[in-house]
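Chemist: Protein chains in written order, with the numbering used here: chain A, 1 to 443; chain B, 444 to 933. We treat Cβ as the ideally placed atom computed from N, Cα and C, and that holds for glycine. In this text the structure is predicted, and so the values were computed from the model without any measurement. I'd like to ask some things about the structure below.
See the structure below:
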């Protein structure tokens, strides 16, 4: 595996070979091992080691980019020259405000040796625990167990220098009967947080309780959303609007709402790349330390996250949210404030509603208000008179996520970390919402 | 290169692999983005690496690396074998997925040999960056000539993927696949609304296995002003009405995506057998439906192929070395065939139809659509509209979502028109339609002819864990559907 010294050597070589007036270099390295299972057995089992060097060359106000994974001196030399030549071809960029200046990111110890050293046999053992439990219950388990190491490093002609290594371990499970399915997902930056037994219990329990679902009419329902469904809401709100570029262009749900109450006072959402309770990444692809960003505070919309470009346009400082080498800024380390309710309390206080485990294939239907459409999946239950009465077939919804969060009636006291793609995670509570718009049912 | 490949195959066999294959890939990619008159991206990417896939004791292992050295070949091959042995610790139960036998069976050996290069008239990598940027900047000026556009974006992408595949059964093939893609988007913001129009299709660009000629034929600049004008007009257009049983003519590019989501994914045999159950989902097209299920009406004919240029799924061999081919999926509405790998085909006693593709050297091949297309019918579009007393025309995808069995879908389109007494009427915004896949395709009563048929594209189709983005082609012409629910957003 490429380690810190080699990362710094690759960046140093790029800096040495660059003849651009200025440049910065972003190196990302991933060691990923992933074991997939289906039908209570392992069917795909992979490992990869990959690294990419991203080069941004600056000639006056002209920017050129190149990417390579050829780390020979010749390969790096070709790429830095290509970036410089690309810069010369570009017109001047009026929105370029200079490369970021050095700043010291927080030291975030999110590297766990046991996680980094986890073996194929160890993953098989975890998967075996799940499969044996499912089989004993007459269920069919599918899912994935992944572990790995992610390293990022930045070096620039302005003196920016940053390195971070983190680990990750995650397990997701779908347990299925002939008529139902149940879901569980867990993990964090350390293996010890991946509680295999309890995740298996959660997924199989939901699959057993979900058997023989009945069809119900679409319409408006009060809903209790499990952590996974709340994760989907935060992910969509991030993707479709927490970045300053989308706000500046009027495409974001946040556009025009700064300082206004758009959600329930029970809703506070923030991004914090240095919090070990999340999946921390302490600086961005420009080497700028991630600042905590308060997106919504007690229902009042705050400010979006910035990279150096969007920050320059507004004359503010970058919040360190240039997640990738290209594209706009993005909030990726999200948290939602919990409340003082238990899930059972939320169900008990619901006369008629739905308990929803998670959403599936959610897509933006309209940008204004972040209107999303998608399906329920892996455990949807009808609540009647304060108790779960029976499982129901999956429903399609078409619903503004902003409007949905305006109707938060209660938030769970326990928050859960939900890992998504590498470096993107949310820590969220269970929520009770007064109304959610279901527009169709499936077979 | 060949020495490294032979080394990996030999080492895999020595370490106990009953089967092994190796892919070595180099991908070069150029990307250009012009946004609001400024060049946002001019990027050149190169990625080189290899992957080793082995079958040991009836179980799979795969490992990969960007470091093409003999010592790394040895390490990665040994790791692939170790991973396969770990897979064998949790072996398959006798089930549908393995034909009731347990373990993996690949069917007849694959011994393909040869080379393939995408035919191109003009190598896109031979065209200067200045010419590419000039084309995008001209299109940007065209969009800028329309007042009311907040975001103008144009992009071009060019990909050259060189790969060598070899296996322990004697296959050895080399391919160079070219792709060229481009498109423009205009976003209008105002009157409390956001509206976007794209050209030639949404999803940022249209892409094909072709050269620079694919881009010049699009005429992005010539369509820029119209595209922007439509976005502005949509801000004040009437909302799509809500109706439960409307007649809808779906435009070609939108119907291409409909085929992709409701047919292409549903016929992936790995999904059917549960391999994607925890992620993308399964499929309602279970194996008991093969050959007899009425998927659509008599006028619905769908073909899967990897030979029809400029479809994005056109190649010489798939990533198991199986030759490119064309197979029927739906004939006169009847469901006839899946997309298959060697392993899944053997479960049904069939031969693979060459659908295994990996997005990169560091990914395992999965069953992916190549080109899945709705074949043309007999109708001229003008005649079809004239034949529609009351209905709606919807074009260019804006949103898409479908359930985990590929039954319940909902699509939004960028633009719609009312049809009244056989003529296109008022412009409509925020159009949506929704339905259940077999009910929808069985409601199709007319498909337009080859004059209106085009090979559209899905340049970023996600599947698998770790995630993979495939490039797929979908031929389609406008078609008419009866009794469709529309207007969910109103």
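Can you confirm whether the region 473-486 of chain B touches the region 58-71 of chain A when touching is taken to mean that 3 or more C-beta pairs between the two stretches lie within less than 8 Å?
Modeler: They touch, by the three-pair rule.
Chemist: Between the alpha carbons of residue 568/B and residue 305/A, how many angstroms are there, rounded?
Modeler: When rounded, the distance between both Cα atoms is 37 Å.
Chemist: Tell me the DSSP secondary structure of residue 738/B in three-state form.
Modeler: If DSSP states are grouped into helix, strand and coil, residue 738/B belongs with coil.
Chemist: Using the C-alpha atoms, what's the distance from residue 22/A back to residue 758/B?
Modeler: Whole-angstrom Cα-Cα distance: 42 Å.
Chemist: Apply the 10 Å Cβ neighbour rule to residue 915/B and answer buried if 16 or more other Cβ atoms are within range, or exposed otherwise.
Modeler: With 16 or more other Cβ atoms within 10 Å, it is buried.
Chemist: Output yes if chain B places a C-beta closer than 8 Å to the C-beta of residue 101/A; else output no.
Modeler: Not an interface residue.
Chemist: From 51/A, 283/A, 436/A, 378/A, pick the residue whose C-alpha is nearest to that of residue 149/A; which is it?
Modeler: Answer by Cα proximity: 51/A.
Chemist: Any Cβ of chain B within less than 8 Å of the Cβ of residue 94/A?
Modeler: With 8 Å as the cut-off, residue 94/A counts as an interface residue toward chain B.
Chemist: Taking DSSP as the reference, what is the three-state secondary structure of residue 510/B?
Modeler: It is coil, neither helix nor strand.
Chemist: Mind the definition here: the region 298-315 of chain A touches the region 386-400 of chain A only if three or more C-beta pairs lie below 8 Å; say whether that holds.
Modeler: No, the region 298-315 of chain A is not in contact with the region 386-400 of chain A.
Chemist: Between residue 270/A and residue 294/A, is the Cβ-Cβ spacing less than 8 Å?
Modeler: Yes, Cβ-Cβ distance for residue 270/A and residue 294/A is below 8 Å.
Chemist: Between residue 703/B and the rest of its own chain, which residues show a CB-CB distance below 8 Å, the 5 nearest in sequence each way excluded?
Modeler: Cβ neighbours of residue 703/B beyond the five flanking positions: 812, 815, 901, 904, 915, 917.
Chemist: Looking only at C-alpha atoms, which of 144/A, 224/A, 107/A sits nearest to residue 199/A?
Modeler: Here the closest residue by C-alpha is 144/A.
Chemist: Over the uninterrupted beta strand (DSSP E) stretch that includes residue 281/A, give me the two end residues.
Modeler: Neither: residue 281/A is in no beta strand (DSSP E) and is coded neither H nor E.
Chemist: I'd like to know whether the C-beta of residue 37/A is nearer than 8 Å to at least one C-beta of chain B.
Modeler: Residue 37/A counts as touching chain B.
Chemist: Going by the CB atoms, is the gap between residue 665/B and residue 648/B shorter than 8 Å?
Modeler: For residue 648/B and residue 665/B, no; Cβs fall outside 8 Å.
Chemist: CB-CB under 7 Å to residue 90/A, same chain, minus the five flanking residues each way: which ones, in chain order?
Modeler: Only 62, 63, 64 meet the Cβ criterion.
Chemist: Verify the CB distance criterion: does residue 781/B have a CB-CB separation below 8 Å to chain A?
Modeler: No, because no Cβ of chain A sits closer than 8 Å to the Cβ of residue 781/B.
Chemist: State buried or exposed for residue 682/B, treating a residue as buried only when at least 16 other CB atoms are found within 10 Å of its CB.
Modeler: Flag for residue 682/B reads exposed.
Chemist: Closer than 8 Å, CB to CB, is residue 535/B near chain A or not?
Modeler: It does: the Cβ of residue 535/B has a partner Cβ on chain A nearer than 8 Å.
Chemist: What in chain A is Cβ-close to residue 720/B, meaning under 7 Å?
Modeler: Simply 38, 142, 174, 176.
Chemist: Straight-line CA distance for residue 479/A to residue 221/A?
Modeler: With chain A running from 1 to 443 in the structure shown, residue 479/A is simply not present.
Chemist: Check whether the Cβ atoms of residue 76/A and residue 17/A lie closer than 8 Å to each other.
Modeler: It is a contact, given that the beta carbons lie within the stated cut-off.
Chemist: I want to know whether the region 466-483 of chain B touches the region 90-101 of chain A - three or more CB-CB distances under 8 Å.
Modeler: Contact between the region 466-483 of chain B and the region 90-101 of chain A is present, because at least three Cβ pairs lie under 8 Å.
Chemist: How about residue 390/A: is its C-beta nearer than 8 Å to some C-beta of chain B?
Modeler: Not closer than 8 Å to any Cβ of chain B, the Cβ of residue 390/A fails to qualify, so no.
Chemist: Taking residue 373/A as part of the beta strand (DSSP E), name the residues at either end of that continuous run.
Modeler: Its beta strand (DSSP E) spans residues 371-384.
Chemist: Pick from 761/B, 780/B, 840/B, 847/B: whose alpha carbon is nearest that of residue 614/B?
Modeler: Comparing Cα positions, the closest option is 761/B.
Chemist: Let's see if you can read the secondary structure: which residues bound the alpha helix (DSSP H) around residue 667/B?
Modeler: Residue 667/B -> alpha helix (DSSP H) spans 667-678.
Chemist: What separation, rounded to the nearest whole angstrom, lies between the Cα atoms of residue 586/B and residue 644/B?
Modeler: In a straight line, the C-alpha of residue 586/B is about 16 Å away from that of residue 644/B.
Chemist: Taking only runs that begin and end inside the region 290-370 of chain A, name each unbroken beta strand (DSSP E) of 3 or more residues, in chain order.
Modeler: Listed in chain order, the complete beta strand (DSSP E) runs (minimum 3 residues) inside the region 290-370 of chain A are 293-297, 333-336, 352-366.
Chemist: Cβ of residue 426/B less than 8 Å from any chain A Cβ?
Modeler: This structure leaves residue 426/B out entirely; chain B is present only between 444 and 933.
Chemist: How big is the Cα-Cα spacing for residue 476/B and residue 833/B?
Modeler: Rounded to the nearest angstrom, the two C-alpha atoms are 41 Å apart.
Chemist: For residue 238/A, is the classification buried or exposed, using 16 other Cβ atoms within 10 angstroms of its Cβ as the cut-off for buried?
Modeler: Looking at its Cβ environment, which holds 16 or more other Cβ atoms inside 10 Å, residue 238/A is buried.
Chemist: How long is the line joining the alpha carbons of residue 879/B and residue 446/B, rounded to whole angstroms?
Modeler: Near 52 Å, if we compare the C-alpha coordinates of residue 446/B and residue 879/B.
Chemist: Expressed to the nearest angstrom, what Euclidean distance is found between the alpha-carbon atoms of residue 8/A and residue 153/A?
Modeler: Residue 8/A and residue 153/A: Cα-Cα distance of roughly 8 Å.
Chemist: Alpha carbons only, please: which of 176/A, 333/A, 357/A, 335/A is nearest the one belonging to residue 343/A?
Modeler: Minimum Cα distance to residue 343/A is reached at 357/A.
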